[in-house]
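Right, one structure below, let's go through it.
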């Protein structure tokens with residue numbers, strides 16, 4: 009099994025979710041955010057790269073919600089490698105990472121330097137065969 013990727017701490021992302029749901033339910037927030045993410049991904053299939061390793065749990069949620077009709081559920085091992093332990097946490101982490109990549113002008117990159125739970129720093133290469141194939145259509 010691959011080492012777990014550690015970019016954000018669950019407690020830090022839980023605060024992001026708490027702030028985002030101050031004036032709406034968590035379900036409403038997730039539905040709206042998933043809709044916005046799906047719109048971006050369906051407009052530019054390679055935009056998935058901006059979510060970094062969090063793409064896998066985000067993709068899983070998009071597929072489960074029926075928002076990516078061209079995609080199938082990701083490999084559970086890929087999700088397990090990065091999950092923070094809940095759909096809202098994973099979605100918030102993905103969108104936070106996307107924002108970081110946009111702010112850092114790193115959009116469209118497929119290799120990310122990330123830390124693992126065993127203390128190593130690795131180059132994580134993100135490649136979604138389905139999204140890449142659809143980007144060519």
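Residue numbers (this note's numbering): 9 to 145.
The C-beta atom is built at its ideal place from N, Cα and C for all residues, glycine as well.
Everything numeric in this text was worked out from a predicted model, so none of it was measured.
Assignment of residue 121 by DSSP, reduced to helix, strand and coil, places it in the strand class. Between residue 58 and residue 21 the beta-carbon gap is near 17 Å, outside 8 Å, which marks them as no contact. Looking at the DSSP output, residue 133 shares a beta bridge with 119. Contact between the stretch 78-97 and the stretch 105-121 is not established, with fewer than three Cβ pairs separated by less than 8 Å. Judged by their CB atoms, residue 78 and residue 134 are not nearer to each other than the 9 Å cut-off.
Judged by pairs of C-beta atoms under 8 Å, the stretch 9-16 does not touch the stretch 32-41, as fewer than three such pairs exist.
Under the DSSP definition of a beta bridge, residue 87 lacks any partner. Taking the CA atoms as reference points, residue 76 sits about 7 Å from residue 46.
Burial check for residue 69: the Cβ neighbour count within 10 Å reaches 16 or more, so the residue is buried. Per the coordinates, the alpha-carbon of residue 138 lies some 15 Å from the alpha-carbon of residue 86. Under the three-state reduction of DSSP output, residue 14 falls in the strand class.
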